[in-house]
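Peer 1: Respectively, the protein sequence lines represent chains A and B. Position one of the first sequence corresponds to residue 1 (my numbering), numbered consecutively onward. Position one of the second sequence corresponds to residue 350 (my numbering), numbered consecutively onward. Idealized CB from N, CA, C, for every residue including glycine.
There are 2 protein chains.
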Amino acid sequence: MPVTIQDVARAAGVSVSTVSRALAAPEMVREATRLHVVETANRLGYRPNRAARGLITGKTGNLGVIVPDLSNPFFPAILKGVQSQARGADYAVFLADCDENGAEEAALVQAMAKQVDGVILCSSRMSPSQLERTIGTTSLVLINRSVRDQPVVIMDVAGGMRQAVDHLAALGHRRIAYLQGPRNSWSNQQRRRGLRRAARRGITVNELGPFAPTFEGGLHAADLALAEDVTAIVAYNDLMALGVLSRLADRDVKVPADVSVLGFDDIPMAGMATPPLTTVAMQNGRAGRAAVDLLVSQISGADAGELRRELECQLIVRASTATPGTARSDPPHVTAPVRRRRDEPVAGA
Amino acid sequence: MPVTIQDVARAAGVSVSTVSRALAAPEMVREATRLHVVETANRLGYRPNRAARGLITGKTGNLGVIVPDLSNPFFPAILKGVQSQARGADYAVFLADCDENGAEEAALVQAMAKQVDGVILCSSRMSPSQLERTIGTTSLVLINRSVRDQPVVIMDVAGGMRQAVDHLAALGHRRIAYLQGPRNSWSNQQRRRGLRRAARRGITVNELGPFAPTFEGGLHAADLALAEDVTAIVAYNDLMALGVLSRLADRDVKVPADVSVLGFDDIPMAGMATPPLTTVAMQNGRAGRAAVDLLVSQISGADAGELRRELECQLIVRASTATPGTARSDPPHVTAPVRRRRDEPVAGA
DNA sequence: TGAAACCCTGCAATCGTTTGCAGAATCGGT
DNA sequence: ACCGATTCTGCAAACGATTGCAGGGTTTCA
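Encoded structure:
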């Protein structure tokens, strides 16, 4: 039923080789025949069968993307970049969701390997040894994880965090709390790295947690943070920060008057919170596009392709940060802030 | 480099046909050889080349999904269902994002056609004529759109809306506002269909809008709704409802004391708002799985496969709805609610 | 022991393309 | 008009799998 190259050849009165060349290597066939062939092909609505082509060329024209969890808004944002860049480079993309499971992820790469020219791994959950074993199966590009001399796209999370610290320092904060996400995650480590800037700025950082990187995690963390003697709270991500905001509102702690709150990621909801959240934006779409570029250049054999693409993060200042004590009704040096000490009991989970 | 069926055949000391059969048609080969072949295949790490198989069988073992916009959280939720169900049925999935563009969507189906056994269209943006032309290109399953006798998965949005109306009626609301989304969208039409139940319940509905189906659209709509003489506001979706909540909070209108607010979709953020949003949940993951089932059964030629799968919606009652005037400090019959009349000027966009 | 019946296995064609090689066509120059 | 040099074009093999058909081996029964 579908129209093949044979049909076109017959209709155009030439051989299949000529059709193939007319479409793929225009300089090898006379202009007149080329036009004629192209016209016939269009008329019949011919589209080459990529599988057949792949069989002989060894290239499939596909690439794969594996994400840990589609319902985490972070990944669709990247995917969207991958999508459009891939389409531009005439690649189709296979998608798989590994459910946050490293073994599953490795298996998916294996399963995909034959059908794609390369795979993009977003925030890979594989263990180092799994990863090591996977390298070489097919071309790989990693996003948000760096390993050996594999091409990677990295978000400069530490840099983003440094911007956040500088921002808080400039506002006059001297004691801040950092609410950790999953302890050993790459992201959490990077954020902590950025926090080291604080010392040089004369800021003390209380690291709390780890907490679940969710709204609920934020609710949980908020109370603990309030019990510390800090003027600003930096959350592992926006979801947690939103939770913090919500809990603080419940407890009648004013943001940013009583305490400043910072998030990370700049999810769409961040700008819609009350108050709108100051946060660090990552360039997810860009990351996706960059990953495709890296992958394509790796595939096309240009071993001179760059190996590491680092993307800036950008602090987005909104309304959840201000100078400490700013709008407080009683000046801080007169009345102690309504904040509990560490050793006092704390309400809520 | 990759291990082919030939390698396995050579290593096992049999012909390629035997290998093929040992793996695909176990009953056609002696148990002993089968075991031997399977063992060698595993040892060499053989995985059949799906493209090659597809060439001869005509089946690719892939299926495609096209969504209008990955950054709309509605779609990843469906995708996740598609993903896991497809993996279970041993299909790989191609993903494409058509950027809300019907023509692009049609083109993508064409491009995919040769590489997949069927395509799932989520909330297709194609015009009826585009759709008509696309049908027949390949097997199709539509989600959230019904057409001719194509297999479809439908969310019973009208039913969900009826639950919402019944809920409000039971609470005692008599005048409600509906904030419309994109005027001619299928979803908007379905919601309005469900609203017709209101009449039978003695409820008057003021239809406002259309508005952008976004947080900002909700901000915009909130003021207009307040100007109406209503006790409850039903938004086209949660994002708008969140905007409404935010605007209402700014204007010191208490929810649900002064006015009840209802959303639609049950996005993750809905439960985290203050107050947590009463909304209608759709079974997105289920829809994705159902679509795969329909597609697979259609592909495998069972023309007896069902054609229409309707999924219930479920009202999730949280804290943004209550009896009208419930917690109002002054009883409504004493002091008129702080709500403007339609003809008064209204602040904000 | 021989033949029929049956079960396995191998041969070879096939799917739709690409591509090296050789042959056909065209062209220019004399 | 003939020859060599250039273009073009076609033939056929190859990619990795599946599958109809036929042949080889084993078994069974007389």
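Using the beta-carbon count (16 or more within 10 Å), is Pro26 of chain A buried or exposed?
Peer 2: By 1-based counting over the first sequence, the position of residue 26 of chain A is 26. Classification of Pro26 of chain A: exposed, given that the 10 Å Cβ count is below 16.
Peer 1: I need the DSSP call for Arg658 of chain B, collapsed to helix, strand or coil.
Peer 2: Here residue 658 of chain B refers to the residue found at position 309 of the second sequence. Here Arg658 of chain B sits in strand by DSSP.
Peer 1: Taking the alpha-carbon positions, what's the Ala177 of chain A to Gly413 of chain B distance?
Peer 2: Within the first sequence, residue 177 of chain A is the residue found at index 177, counting from 1. Within the second sequence, residue 413 of chain B is the residue found at index 64, counting from 1. The straight-line gap from Cα to Cα measures roughly 46 Å.
Peer 1: Checking 8 Å against the spacing of the C-beta atoms, do Ser187 of chain A and Ala232 of chain A come in under that value?
Peer 2: Here residue 187 of chain A refers to the residue found at position 187 of the first sequence. Here residue 232 of chain A refers to the residue found at position 232 of the first sequence. No.
Peer 1: Assign Leu307 of chain A to buried or exposed, taking buried as 16 or more other Cβ atoms, counted over all protein chains shown, within 10 Å of its Cβ.
Peer 2: Translated into positions along the first sequence, residue 307 of chain A becomes position 307. Exposed, since its Cβ has fewer than 16 Cβ neighbours within 10 Å.
Peer 1: According to the Cβ coordinates, are Arg494 of chain B and Ser472 of chain B closer than 8 Å?
Peer 2: As a position in the second sequence, residue 494 of chain B is number 145, starting the count at 1. As a position in the second sequence, residue 472 of chain B is number 123, starting the count at 1. Result yes, Cβ atoms of Arg494 of chain B and Ser472 of chain B sit closer than 8 Å.
Peer 1: Using only CA atoms, which one of B:Leu419, B:Met350, B:Thr563 and B:Asn421 lies nearest to Met589 of chain B?
Peer 2: Residue mapping note: residue 589 of chain B aligns to position 240 of the second sequence, counting from 1. The option with the nearest alpha carbon to Met589 of chain B is B:Thr563.
Peer 1: Using a cut-off of 8 Å between C-beta atoms, extract the partners of Gln83 of chain A located in chain B.
Peer 2: Indexing the first sequence from 1 puts residue 83 of chain A at position 83. In chain order: Leu419, Leu444, Ala445 and Asp446.
Peer 1: So Asn49 of chain A contacts chain B; which residues on that side make the cut at Cβ distance below 7 Å?
Peer 2: As a first step, residue 49 of chain A is located in the first sequence; it is residue number 49 there, counting from the start. Residues of chain B passing the Cβ test: Lys463.
Peer 1: When the Cα of Arg50 of chain A is compared with those of B:Ala381, B:Ile427, B:Gln459 and B:Ser364, which residue comes out closest?
Peer 2: Mapped onto the first sequence, residue 50 of chain A falls at position 50. When each option's Cα is compared against that of Arg50 of chain A, the closest is B:Gln459.
Peer 1: In the DSSP output, which residue or residues are listed as bridge partners for Ser488 of chain B?
Peer 2: Counted from its first residue, the second sequence places residue 488 of chain B at position 139. Paired residue(s): B:Gly467.
Peer 1: Could you tell me the distance, in whole angstroms, from the CA atom of Gly217 of chain A to the CA atom of Ser369 of chain B?
Peer 2: The residue given as residue 217 of chain A occupies position 217 in the first sequence. The residue given as residue 369 of chain B occupies position 20 in the second sequence. Taking the straight line from one Cα to the other gives about 52 Å.
Peer 1: Can you grab the Cα-Cα spacing for the pair Val365 of chain B / Arg359 of chain B, in whole Å?
Peer 2: The sequence position of residue 365 of chain B within the second sequence is 16, counting from 1. The sequence position of residue 359 of chain B within the second sequence is 10, counting from 1. Computed Cα separation, rounded: 8 Å.
Peer 1: How would you list, in chain order, the residues of chain B whose beta-carbon sits under 8 Å from the beta-carbon of Met272 of chain A?
Peer 2: For this step, residue 272 of chain A is matched to residue 272 along the first sequence. Simply Phe564, Leu591, Gly592 and Ser595.
Peer 1: Which runs of the alpha helix (DSSP H) spanning at least 4 residues fall entirely within the stretch 225–282 of chain A, listed in chain order?
Peer 2: Taking only runs of at least 4 residues, the alpha helix (DSSP H) segments lying wholly in the stretch 225–282 of chain A are 238–250.
Peer 1: Give a yes or no on contact between the stretch 498–506 of chain B and the stretch 85–102 of chain A, applying the rule of three or more CB pairs nearer than 8 Å.
Peer 2: no
Peer 1: Note down, in chain order, every chain B residue with its Cβ under 9 Å from the Cβ of Ala249 of chain A.
Peer 2: For the purposes of this step, residue 249 of chain A is taken as the residue at position 249 of the first sequence. Per Cβ cutoff of 9 Å: Thr623.
Peer 1: Using three-state DSSP, classify Arg524 of chain B as helix, strand or coil.
Peer 2: As a working mapping, residue 524 of chain B is identified with position 175 in the second sequence. The answer is strand: DSSP assigns Arg524 of chain B an E or B state.
Peer 1: Label Arg200 of chain A either buried or exposed according to how many other C-beta atoms from any shown protein chain fall within 10 Å of its C-beta, with 16 as the threshold for buried.
Peer 2: Here residue 200 of chain A is taken as the residue at index 200 of the first sequence, counted from 1. Answer is exposed; the Cβ neighbour count stays below 16.
Peer 1: Run through chain B and tell me which residues come within less than 7 Å of Pro73 of chain A, C-beta to C-beta.
Peer 2: By 1-based counting over the first sequence, the position of residue 73 of chain A is 73. Correct list: Pro422.
Peer 1: Quick one: grab the DSSP three-state call for Gln314 of chain A.
Peer 2: As a working mapping, residue 314 of chain A is identified with position 314 in the first sequence. Here Gln314 of chain A sits in strand by DSSP.
Peer 1: Kindly indicate if chain B contains any beta-carbon less than 8 Å away from that of Ala92 of chain A.
Peer 2: On the first sequence, residue 92 of chain A is found 92 positions in, with the first residue counted as 1. Yes, Ala92 of chain A lies at the interface with chain B (some Cβ there is under 8 Å from its Cβ).
Peer 1: Please classify Ile354 of chain B as buried or exposed, where buried requires at least 16 neighbouring CB atoms within 10 angstroms.
Peer 2: For the purposes of this step, residue 354 of chain B is taken as residue 5 along the second sequence, with counting starting at 1. Looking at its Cβ environment, which holds 16 or more other Cβ atoms inside 10 Å, Ile354 of chain B is buried.
Peer 1: Please work out which residues of its chain come closer than 6 Å, Cβ to Cβ, to Gly403 of chain B, disregarding the five sequence neighbours upstream and downstream, and give them in chain order.
Peer 2: On the second sequence, position 54 is the one that residue 403 of chain B refers to. Closer than 6 Å at Cβ, skipping near neighbours: Thr409.
Peer 1: Using the C-alpha atoms, what's the distance from Ile316 of chain A back to Glu207 of chain A?
Peer 2: As a first step, residue 207 of chain A is located in the first sequence; it is residue number 207 there, counting from the start. As a first step, residue 316 of chain A is located in the first sequence; it is residue number 316 there, counting from the start. Cα to Cα, Glu207 of chain A sits roughly 23 Å from Ile316 of chain A.
Peer 1: In three-state DSSP terms, what is Met410 of chain A?
Peer 2: With chain A covering 1 to 349 only, the question about residue 410 of chain A has no answer from this structure.
Peer 1: In terms of DSSP beta bridges, what is Asn555 of chain B paired with?
Peer 2: For the purposes of this step, residue 555 of chain B is taken as the residue at position 206 of the second sequence. In DSSP, Asn555 of chain B forms a bridge with B:Ala526.
Peer 1: Contact defined as beta carbons within less than 8 Å: I believe Pro625 of chain B pairs with Ser595 of chain B. What is the distance between those atoms, to the nearest angstrom?
Peer 2: Along the second sequence, read from residue 1 onward, the residue named residue 625 of chain B stands at position 276. Along the second sequence, read from residue 1 onward, the residue named residue 595 of chain B stands at position 246. Rounded, the Cβ-Cβ distance is 14 Å, inconsistent with contact.
Peer 1: What's the gap between the Cα of Val255 of chain A and the Cα of Leu242 of chain A?
Peer 2: Here residue 255 of chain A refers to the residue found at position 255 when the first sequence is read from its first residue. Here residue 242 of chain A refers to the residue found at position 242 when the first sequence is read from its first residue. Those two C-alpha atoms are separated by around 12 Å.
Peer 1: For Arg30 of chain A, which residues of its own chain have a beta-carbon under 8 Å away from its beta-carbon, when the five flanking residues on both sides are left out?
Peer 2: For this step, residue 30 of chain A is matched to residue 30 along the first sequence. Nothing listed; no residue qualifies.
Peer 1: Report yes if the CB atom of Val442 of chain B is closer than 8 Å to the CB atom of Gly394 of chain B, and no otherwise.
Peer 2: Position 93 of the second sequence holds residue 442 of chain B. Position 45 of the second sequence holds residue 394 of chain B. Against a cut-off of 8 Å, the Cβ pair of Gly394 of chain B and Val442 of chain B comes out as no contact.
Peer 1: Is the Cβ of Ala77 of chain A closer than 8 Å to any Cβ of chain B?
Peer 2: Here residue 77 of chain A is taken as the residue at index 77 of the first sequence, counted from 1. By this cut-off, Ala77 of chain A is an interface position.
Peer 1: For Leu35 of chain A, does the count of other Cβ atoms within 10 angstroms reach 16, so buried, or fall short, so exposed?
Peer 2: Translated into positions along the first sequence, residue 35 of chain A becomes position 35. Leu35 of chain A is exposed by the Cβ-count criterion.
Peer 1: Is Gly637 of chain B close to chain A, meaning its C-beta is less than 8 Å from at least one C-beta of that chain?
Peer 2: Your numbering for residue 637 of chain B matches position 288 in the second sequence. Chain A contact via Cβ: absent.
Peer 1: Hey, out of B:Gln663, B:Arg546 and B:Asp642, whose CA is closest to Pro490 of chain B's CA?
Peer 2: Residue mapping note: residue 490 of chain B aligns to position 141 of the second sequence, counting from 1. Here the sequence assigns Val to residue 490 of chain B, which means Pro is not the residue at that position. Residue B:Asp642 is the option with its Cα nearest to Val490 of chain B.
Peer 1: Measuring CA to CA, which of A:Val244, A:Ala227 and A:Ala106 is closest to Ala235 of chain A?
Peer 2: On the first sequence, position 235 is the one that residue 235 of chain A refers to. It is A:Val244.
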